[in-house]
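J.: Oh and the sequence shown: position 376 is 376 in the UniProt record's numbering, straight run, nothing missing. In this text, a Cβ means the ideal position worked out from N, Cα and C, and glycines have one as well. First the structure, then my questions, so here it is.
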Amino acid sequence: MLTGREDRGVLEGAPERITCLRRAPRREGPVLYWMGREQRARDHWGLAAAQELAAERRVPLACIFTLSPTFLGAPLRAYAFLLRGLRETARELAARDIPLFLLRGDPPEEAARFAIRHRVALTVTDFDPLRVRRGWTEAFLERTEGTALEVDARNVVPCRFVSPKREWSAATLRRKLRPLLDRFLPFLPPPLETHPVPWTDTPPPSWDPLDLLASGSFEGVPESPLPPGSAAGQARLEAFLREGLPRYARDRNDPLREGQSGLSPYLHFGQISPQRAAWEVLRADAPPEDREAFLEELVVRGELAENFCLHTPGYDTVEAFPDWARKTLAAHASDRRPALYSLRELEEGRTHDPLWNAAQRELVLTGRMPGYLRMYWGKKLLEWTPSPEEALRAGVALNDRYELDGRDPKGYAGLAWCLGGVHDRPWPSRPVFGSVRSMTAAGMARKFDVEAYCRRAAALPPSP
């Protein structure tokens, strides 16, 4: 059982998740849910809110997903994971008389055209702290009329609610989150019902992701071997609860022990709910230190990244670094680098560091990199590029191109931590880094068997 609050609707039980983007006089017409980062049919505050509003008005409900031809350098790997997952979501929605229309082209233009054509009276969309999606939403509002709502279905405690400003560190956000978890964590969204008013307008055209993927529209990087979709994400969560969670605190930083959850791609694409994952971990039969360690990563660190991107317009530039970090990096700008590599050399893993090359190989071939290695990988970019600006550009390009969970607030916040001391403090000064925390190969070797990891990465089969 939850807490006795699960029978309350979204509007009554979770108003803090809803932001009114535009209020307009009530009129007749269907409700539209514009799906963005939350690409699932289950445990979904946005869809639940849209259905509640449509049922209250006794009107049909439709869902759209706008497929942009290009999105922050996303390659075939990302589009394949997204589209295969969306096919599963479309089937689940269709079983509840909610059609999912896949629109291709300029997202705000296509979404607005759909809303105007079908005389949509109210639009619900996802909260997203990234500039590109917020820009799409603003452009959509300029082209349309009617009430528009934004729903935070990503954060356990809604991002706009927990803090109105950029938080300095995990500690400052943690102090605000902790008192709110009992209020937000147990109250999961109501499940979708068969919609009482079926959509009778233009039926969604049938679409197969294989046709789209075979069209050659998406730029290289082969698909990841990881299975996509909500069912696969739920299976991964259940396996982690059984096998990984009881040793998470001990094993998570050792890439040879496979101690991480493996949930990151499913969370990034919104194929599973972070709140569901947190709730299941909280109830799991595992030592308290393991549950606490996972919730720290998922909730505190994850929502710190959301806060950072929401309140930092230039989250992917050095302007996002704190003053002390920019000053110390500028003071060490002329320090001699141990090596300088081009983006192509980095991409191909042709550096003097076998561990870094192995991590890059795993990233390129599988679409993932163990979390502890991500920090080391990012730190080395500062040593091997001419400036912090170049290091950040290289990190964003490689992360967003190869990581299945690239183009995500956690990725941008992670690189800002690696390169610019965001959410960190000054450390004893070192060449190149100044007071920004550094990491060394010798330090990594004390944590795990580096040679064994390099051998494992070398044995990965090449991509087709």
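1) Can you say whether L329 is buried or exposed, counting buried as having 16 or more other CB atoms within 10 angstroms of its CB?
2) So, does the CB of F127 fall closer than 8 Å to a CB anywhere in chain B?
3) Out of D43, P222, G406, point me to the one whose CA is closest to P462's CA.
4) Determine the direct distance from the alpha carbon of V281 to that of E6, and round the result to whole angstroms.
5) Measuring CB atoms only, is the stretch 110-124 touching the stretch 133-151, in the sense that at least three cross pairs come out at less than 8 Å?
6) Please report the distance separating the alpha-carbon of T3 from that of W279.
7) Can R134 and P108 be called in contact, C-beta distance under 8 Å?
8) Could you name the residues of the same chain whose beta carbon sits closer than 7 Å to that of K379, not counting the 5 residues immediately before and after it, in chain order?
9) Go to V59, then tell me how far its alpha helix (DSSP H) extends in each direction, as first and last residue.
10) Is it right to say G414 is buried, meaning 16 or more other beta carbons lie within 10 angstroms of its own, or is it exposed?
11) Take every Cβ of the stretch 68-76, pair it with every Cβ of the stretch 41-55, and state whether three or more of those distances are shorter than 8 Å.
12) Take the Cβ of K447 as the centre, count every other Cβ of all protein chains shown within 10 Å, and call the residue buried at 16 or more, exposed below.
13) Comparing alpha-carbon positions, which option in F65, R350, Y376 lies nearest P204?
14) Specify whether the stretch 92-108 and the stretch 235-246 touch according to this definition: at least 3 beta carbon pairs, one from each stretch, less than 8 Å apart.
15) From P198 to P60, what does the alpha carbon distance come to, in whole angstroms?
16) Once you ignore the five residues that flank L304 on each side, which residues in its own chain have a CB closer than 6 Å to its CB?
17) Could you name the residues that DSSP lists as bridge partners for I18?
18) Taking only three categories from DSSP, how would you classify T312?
19) Cα separation between R361 and G395?
20) Check this for me: beta carbons of F218 and Y79, under 8 Å apart or not?
21) What residue from A235, R250, F308 has the CA that sits closest to H423's CA?
22) According to DSSP, is T172 part of a helix, a strand, or is it coil?
23) Using CA atoms only, rank isn't needed, just tell me which of G29, K165, L212, L188 is closest to G146.
24) Return the first residue and the last residue of the beta strand (DSSP E) that D126 is part of.
T.: Taking the coordinates as given:
1) As a working note, residue 329 is residue 329 in the sequence shown. Classification for L329: buried.
2) Given the protein chain composition of this structure (a single chain), no chain B is represented.
3) Residue numbering aside, residue 462 sits at position 462 when the sequence shown is read from its first letter. For the set D43, P222, G406, the Cα lying nearest the Cα of P462 is the one of P222.
4) Position 6 of the sequence shown, counted from the first residue, corresponds to residue 6. Position 281 of the sequence shown, counted from the first residue, corresponds to residue 281. At E6 the pLDDT is 45, less than 50, meaning the model places this residue with poor confidence; the figure from the coordinates comes in the next sentence. Distance between the alpha carbons of E6 and V281 is about 19 Å.
5) yes
6) Taking the first residue of the sequence shown as position 1, residue 3 is located at position 3. Taking the first residue of the sequence shown as position 1, residue 279 is located at position 279. In this prediction, T3 scores a pLDDT of 34, lower than 50, which makes its location untrustworthy; the coordinate-derived value is nonetheless stated afterwards. Computed Cα separation, rounded: 12 Å.
7) Here residue 134 refers to the residue found at position 134 when the sequence shown is read from its first residue. Here residue 108 refers to the residue found at position 108 when the sequence shown is read from its first residue. Their beta carbons are not under 8 Å apart, which means R134 does not touch P108 by this criterion.
8) The residue you call residue 379 lines up with position 379 of the sequence shown. Counting only residues of its own chain and dropping the five nearest sequence neighbours on each side, K379 has a CB closer than 7 Å to the CB of C418, S438, M439.
9) As a first step, residue 59 must be located in the sequence shown, where it is residue number 59. It is not in any alpha helix (DSSP H) - V59 carries neither H nor E in the DSSP assignment.
10) Within the sequence shown, the letter at position 414 stands for residue 414. Burial call: buried.
11) No, because fewer than three Cβ pairs between the stretch 68-76 and the stretch 41-55 fall closer than 8 Å, the two stretches do not touch.
12) Mapped onto the sequence shown, residue 447 falls at position 447. Exposed.
13) Taking the first residue of the sequence shown as position 1, residue 204 is located at position 204. Checking every option, the nearest Cα to that of P204 belongs to F65.
14) no
15) Along the sequence shown, one-based indexing puts residue 198 at 198. Along the sequence shown, one-based indexing puts residue 60 at 60. Between P198 and P60, the C-alpha separation is close to 6 Å.
16) Locating residue 304 in the sequence shown gives position 304, counting from the first residue. Excluding positions up to five away in sequence, the list reads A170, L173.
17) As a working note, residue 18 is residue 18 in the sequence shown. BP columns for I18 point to V151.
18) Working through the sequence shown from its first residue, we reach residue 312 at position 312. In this structure, T312 counts as coil in the three-state DSSP scheme.
19) For the purposes of this step, residue 361 is taken as residue 361 along the sequence shown, with counting starting at 1. For the purposes of this step, residue 395 is taken as residue 395 along the sequence shown, with counting starting at 1. Going from the Cα of R361 to the Cα of G395 covers about 15 Å.
20) Here residue 218 refers to the residue found at position 218 of the sequence shown. Here residue 79 refers to the residue found at position 79 of the sequence shown. Going by C-beta atoms, F218 is nearer than 8 Å to Y79.
21) Position 423 of the sequence shown, counted from the start, is the residue given in the question as residue 423. Residue F308 is the option with its Cα nearest to H423.
22) Taking the sequence shown and counting its residues from 1, one reaches residue 172 at position 172. Helix, per DSSP.
23) Reading the sequence shown from its first residue, position 146 is the one you call residue 146. Minimum Cα distance to G146 is reached at G29.
24) What you label residue 126 is simply residue 126 of the sequence shown in a count that begins at 1. Unbroken beta strand (DSSP E) run through D126: 122-126.
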